[in-house]
Amino acid sequence: MQSCLELLSEVNQVLMRLHEVNKDMLKHIKHGNSDKIELHVDKRQALLEILDVLDEYLEAAIDTKKHHGDLPGINKEIGLRKELLESVFSQEIEVNKLLEVEKQKVLLELHSLQKNKKVVSAYKSGNKKMKVDKEA
Numbered sequence: 012m013q014s015c016l017e018l019l020s021e022v023n024q025v026l027m028r029l030h031e032v033n034k035d036m037l038k039h040i041k042h043g044n045s046d047k048i049e050l051h052v053d054k055r056q057a058l059l060e061i062l063d064v065l066d067e068y069l070e071a072a073i074d075t076k077k078h079h080g081d082l083p084g085i086n087k088e089i090g091l092r093k094e095l096l097e098s099v100f101s102q103e104i105e106v107n108k109l110l111e112v113e114k115q116k117v118l119l120e121l122h123s124l125q126k127n128k129k130v131v132s133a134y135k136s137g138n139k140k141m142k143v144d145k146e147a
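Each residue of the sequence shown is one higher than the one before, counting from 12 in this note's numbering.
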């Protein structure tokens, strides 16, 4: 079984990778490139699952007190973990805001297309007057 320090170091490495994945996702969303969002979401999910497993190992190591006096190193890793978590959380919030904006744009476009479709259908069917009356 790994020591607490080794496990914390691994957790921080995974958090750094998650930070990079989120950074890439933000870049793609800001540039309007939504093609790779699903890939980023899959990578993110895999990293979160790895974090869950590492946290279970970490809890087991703490329960068995496998830290062997590595308190300064553990404190350093915990400090880094805190910084990484804060950064990842802020990225997650920004990603969610950007995705919400994009979702609203798509919904408005869909609504506009549906409205235009109704107008074209009314025009083709000869119900121009009824459609104009409804819009007025």
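Ideal placement from N, C-alpha and C gives every residue a C-beta, glycine not left out.
Because the structure is a prediction, the values reported are computed rather than measured.
- Two segments are said to touch when three or more pairs of C-beta atoms, one from each, lie closer than 8 angstroms; by this definition the segment 96–110 does not touch the segment 56–63.
- Between serine 98 and histidine 30 the beta-carbon gap is near 6 angstroms, inside 8 angstroms, which marks them as a contact.
- The beta carbon of methionine 27 sits closer than 7 angstroms to the beta carbons of Leu95 from its chain, once the five residues preceding and following it are set aside; these are given in chain order.
- Rounded to the nearest whole angstrom, the C-alpha separation of leucine 118 and glutamine 125 is 10 angstroms.
- Rounded to whole angstroms, the gap between the alpha carbons of aspartate 81 and leucine 69 is 14 angstroms.
- In this model, asparagine 127 and methionine 36 are separated by some 33 angstroms (Cα to Cα).
- Between glutamate 111 and leucine 65, the C-beta spacing is not below 9 angstroms.
- If you look at histidine 42, you'll find it isn't in any alpha helix (DSSP H); DSSP assigns it neither H nor E.
- DSSP places lysine 108 in the helix class (H, G or I) of the three-state scheme.
- Secondary structure at lysine 76: coil, using DSSP grouped into helix, strand and coil.
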